[in-house]
Amino acid sequence: MKSLSLPLLAALALAAPALASPPPLPVAITFLPGSADAEAMREDLIEAGWFGRTASTLDPGAVAACAGKDAACVRALTHPTRGKTAPEVIVLLAPEGGKTRMTCVGPGETSRDPVKQSVLIDLAVRARDDRDKAAGCIISAAAESGW
1433 MKSLSLPLLA ALALAAPALA SPPPLPVAIT FLPGSADAEA MREDLIEAGW
1483 FGRTASTLDP GAVAACAGKD AACVRALTHP TRGKTAPEVI VLLAPEGGKT
1533 RMTCVGPGET SRDPVKQSVL IDLAVRARDD RDKAAGCIIS AAAESGW
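Structure, rendered in structure tokens:
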């Protein structure tokens, strides 16, 4: 059996940090309306390393008052958080054709990328492709913070 040479092992050891996954993004994520499926999706995103466990600083009552309203209602809540280290993102959930429309609203005055910030997923199944779409939606909304 051949063994790895010492220079090759040293090169692999030096390259290992560069190959490591980036740290989770500090984003406070609130789903509206909240549900067991939405909470499971949040956990999937955290466990996959997309986001850390960042607590929201928004008033839960004010967030709940936006249920069933348009993005302008939640944008008014998230906008004052612009420039914070951990941006606030509210994810509006609405049924659409047997799936769920996720509209991600960040702290900017307008959506950074309306196409990326509104995705159709199967929230109950939480397939990897849907998880990746959800992560992209949230990251695009969080980028409104000026990261």
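The numbering of the sequence shown is our numbering, which starts it at 1433 and goes up by one. Ideal placement from N, C-alpha and C gives every residue a C-beta, glycine not left out.
Within 9 Å, strictly: CB atoms of residue i and residue j
i	j	result
L1525	T1517	no
I1553	F1483	no
R1558	D1502	no
L1490	I1522	yes
P1539	E1576	yes
L1457	A1496	no
L1592	A1499	Nothing can be reported for residue 1592: it is not among the residues displayed for the chain, which extend from 1433 to 1579.
V1547	K1565	no
H1511	E1471	no
Three-state secondary structure (DSSP) of residue i
i	result
S1550	strand
L1555	coil
M1433	Low per-residue confidence applies at M1433: pLDDT is 47, beneath 50, and the placement is therefore not dependable, though the value from the model is reported in the following sentence. M1433 falls in the coil class under three-state DSSP.
Through-space distance from residue j to residue i, alpha-carbon basis
i	j	result
R1544	M1534	15 Å
A1567	R1485	14 Å
V1459	A1574	7 Å
S1488	C1536	15 Å
G1481	R1474	11 Å
Closer than 8 Å: residue i CB and nearest the ligand GTP heavy atom
i	result
A1556	For the structure depicted, the ligand GTP is absent and the ligand set is empty, with no information on it obtainable.
Could I get the ranges of all uninterrupted alpha helix (DSSP H) runs contained in the segment 1481-1533, with 4 residues as the minimum, in chain order?
-> Counting only runs that start and end inside the segment 1481-1533, the alpha helix (DSSP H) elements of at least 4 residues fall at 1492-1497, 1503-1510.
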